[in-house]
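K.L.:
These protein sequence lines map, in sequence, to chains A and Z.
With positions in the first sequence counted from 1, the corresponding number in this note's numbering is that position plus 139.
With positions in the second sequence counted from 1, the corresponding number in this note's numbering is that position plus 24.
The C-beta atom is built at its ideal place from N, Cα and C for all residues, glycine as well.
Bear in mind the structure is a predicted one, so any value in this text is a computation, not a measurement.
What follows is a single structure, and I will ask about it in a moment.
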Amino acid sequence: MSMEAAKLTYEVKNHSMVVHLPKELDHHNSQNLKQETEQIMDETYINQIIFDFSNTNFMDSSGIGALLGRYKRMSAVGGKVVVYGVNERVKRLLNLSGIYKIVKQYETKEQAMKG
Amino acid sequence: MDKELEKTMKAEYMKLEIESKSHNEEFARVVVAVFMTRLDPTIEEMEDVKTAVSEAVTNAVIHGYQGKEGTIEIEASICEKTLTLSIRDQGIGIPDIKKAMEPLYTSMPGGERSGMGFSFMEAFMDQVEVISKIGEGTTILLKKTIGNDSLE
Chain A
140 MSMEAAKLTY
150 EVKNHSMVVH
160 LPKELDHHNS
170 QNLKQETEQI
180 MDETYINQII
190 FDFSNTNFMD
200 SSGIGALLGR
210 YKRMSAVGGK
220 VVVYGVNERV
230 KRLLNLSGIY
240 KIVKQYETKE
250 QAMKG
Chain Z
25 MDKELEKTMK
35 AEYMKLEIES
45 KSHNEEFARV
55 VVAVFMTRLD
65 PTIEEMEDVK
75 TAVSEAVTNA
85 VIHGYQGKEG
95 TIEIEASICE
105 KTLTLSIRDQ
115 GIGIPDIKKA
125 MEPLYTSMPG
135 GERSGMGFSF
145 MEAFMDQVEV
155 ISKIGEGTTI
165 LLKKTIGNDS
175 LE
């Protein structure tokens with residue numbers, strides 16, 4: 140099992156923060172997300188959070204909670220949350236949760252960056 | 025396959041006891057997934073069950089034991105094509121089960137919880153039952169009948 144795939148990694152470009160999500164987005168793997176994104180936002184002005192699901196093949200409602208939490212955070216500064224790299228399984232869950240009403244989906248990181 | 029051999033090969037019951045720790049959420053999913061392969065499920069059916077197990081175990085870790093130490097007991101049984109799961113904790117219990125199961129309700133509004141755990145369990149399993157007693161613990165029962173494409 141790759142440790143790389145289990146960690147959350149981040150990228151900042153302009154005022155966008157890309158969050159590279161792990162293979163399995165559950166409570167355990169998303170516990171540090173809030174703290175780590177806050178740390179980055181303490182140092183840089185961020186008005187867009189882009190979630191990269193391209194390595195993610197499992198997700199439960201904890202993942203929805205993480206998206207919602209970051210959405211509220213971004214809303215407070217007039218920013219937004221978007222996603223890309225979503226596979227069929229993840230798409231089904233995101234659909235079920237209704238989160239597509241507030242979070243837009245793109246095919247690639249480049250498209251997500253452009254908004 | 026020989027009918028007698030087929031019968032004995034179908035695992036009927038298993039019980040797993042795990043510590044209430046978040047890294048065991050994945051472990052529980054994998055164990056139940058492997059157990060249910062005897063039913064020859066589709067990938068989607070397995071993913072559905074894994075998600076439901078993940079929700080139930082996470083509830084025990086976060087709510088039942090409030091992140092503290094405890095034991096979570098997972099039982100699984102197969103009867104013909106039906107998988108029955110029981111996820112039990114001896115934690116604080118649920119004061120109002122009906123309210124807890126309302127979509128989007130969360131007892132932790134400040135945290136990063138979606139309140140969709142039970143909704144997902146209900147979406148992915150055929151039956152969800154919750155038994156709970158304050159100060160004694162909670163049991164979540166999940167049932168799903170697995171269809172398959174193989175010829176009988």
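I want to see whether chain A comes within less than 8 Å of Z/A147, judged by CB atoms only; does it?
P.N.:
With 8 Å as the cut-off, Z/A147 counts as an interface residue toward chain A.
K.L.:
Where does A/E150 fall in DSSP's three states?
P.N.:
Strand.
K.L.:
Inspect the CB distances between the stretch 209-226 of chain A and the stretch 241-254 of chain A and report whether three or more fall short of 8 Å.
P.N.:
Yes, the stretch 209-226 of chain A touches the stretch 241-254 of chain A.
K.L.:
Taking Z/G135 as the reference, give the member of A/T183, A/A205, A/T247, A/G237 with the closest Cα.
P.N.:
The shortest Cα separation from Z/G135 among A/T183, A/A205, A/T247, A/G237 belongs to A/A205.
K.L.:
Which two residues bound the contiguous alpha helix (DSSP H) that contains A/H159?
P.N.:
Looking at the DSSP string, A/H159 is not in any alpha helix (DSSP H); the run it does join, the beta strand (DSSP E), is 155-159.
K.L.:
Would a check of beta-carbon distances place A/R150 closer than 8 Å to chain Z?
P.N.:
Reading the sequence as shown, one finds Glu at residue 150 of chain A and not Arg. For A/E150, the answer is no, since every Cβ of chain Z falls outside 8 Å of its Cβ.
K.L.:
Does Z/I86 get closer than 8 Å to chain A when you measure Cβ to Cβ?
P.N.:
So, interface residue.
K.L.:
Ordered along the chain, which non-local residues of its own chain (more than five positions away) have a Cβ less than 8 Å from that of Z/T130?
P.N.:
Cβ within range, chain order: R137, S138, G139.
K.L.:
Please tell me whether Z/S174 has its Cβ less than 8 Å away from any Cβ of chain A.
P.N.:
Annotation note: pLDDT 45 at Z/S174 (below 50); position unreliable, coordinate value reported separately. Chain A, which has no Cβ nearer than 8 Å to the Cβ of Z/S174, makes this no.
K.L.:
When burial is assigned at 16 or more other CB atoms within 10 Å of the CB, is A/I189 buried or exposed?
P.N.:
By the neighbour-count rule (16 or more Cβ atoms within 10 Å), A/I189 is buried.
K.L.:
Any beta carbon from chain A within less than 8 Å of Z/K74's own beta carbon?
P.N.:
Closer than 8 Å: yes.
K.L.:
What's the call for Z/A76, buried or exposed, on a 16-neighbour Cβ count within 10 Å?
P.N.:
It is buried - the Cβ of Z/A76 has at least 16 other Cβ atoms within 10 Å.
K.L.:
When DSSP labels each residue in this structure, what does A/Q244 get in the three-state scheme?
P.N.:
In the structure shown, A/Q244 sits in a strand (DSSP, three-state: E or B).
K.L.:
Alpha carbon to alpha carbon, what distance is there between Z/V85 and Z/H47?
P.N.:
Approximately 10 Å between the Cα atoms of the pair.
K.L.:
Given that a residue counts as buried once 16 or more other Cβ atoms are within 10 Å of its Cβ, and exposed if not, what is A/N234?
P.N.:
Exposed, since its Cβ has fewer than 16 Cβ neighbours within 10 Å.
K.L.:
Chain A beta carbons: is any one of them nearer than 8 Å to that of Z/F59?
P.N.:
Taking Cβ atoms only, chain A never reaches closer than 8 Å to Z/F59, which makes this a no.
K.L.:
Check distances from the C-beta atoms of the stretch 203-216 of chain A to those of chain D and list, in chain order, the residues that come in under 7 Å.
P.N.:
Of the protein chains in the structure, A and Z, none is chain D.
K.L.:
Given this structure, state the Cα-to-Cα distance separating A/M142 from A/S169, to the nearest angstrom.
P.N.:
Residue placement at A/M142 cannot be trusted, given a pLDDT of 49 that sits under 50; the coordinates are not used to answer.
K.L.:
Put Z/L175 into one of helix, strand or coil per three-state DSSP.
P.N.:
Residue placement at Z/L175 is flagged as unreliable, the pLDDT there being 43, under the threshold of 50; the coordinate-derived value follows with that caveat. Three-state DSSP puts Z/L175 in coil, outside helix and strand.
K.L.:
DSSP three-state label for A/Q250, please.
P.N.:
Reduced to three states, the DSSP call for A/Q250 is helix.
K.L.:
Does DSSP put A/Q170 in a helix, a strand or coil?
P.N.:
If DSSP states are grouped into helix, strand and coil, A/Q170 belongs with coil.
K.L.:
Give the interface partners of A/K253 over in chain Z, defined as CB-CB distance under 8 Å, in chain order.
P.N.:
Ordered by position in chain Z, no residue passes the 8 Å Cβ test against A/K253, which lies about 28 Å from the chain.
K.L.:
Run through DSSP, which three-state label would Z/L128 get?
P.N.:
If DSSP states are grouped into helix, strand and coil, Z/L128 belongs with coil.
K.L.:
Per DSSP, what kind of secondary structure is Z/D72 in: helix, strand or coil?
P.N.:
If DSSP states are grouped into helix, strand and coil, Z/D72 belongs with the helices.
K.L.:
Who are the near neighbours of Z/G117 in its chain, counting only those whose CB is closer than 7 Å to its CB and skipping five residues on each side?
P.N.:
Cβ within range, chain order: S156, K157, I158, G159, E160, G161, T162.
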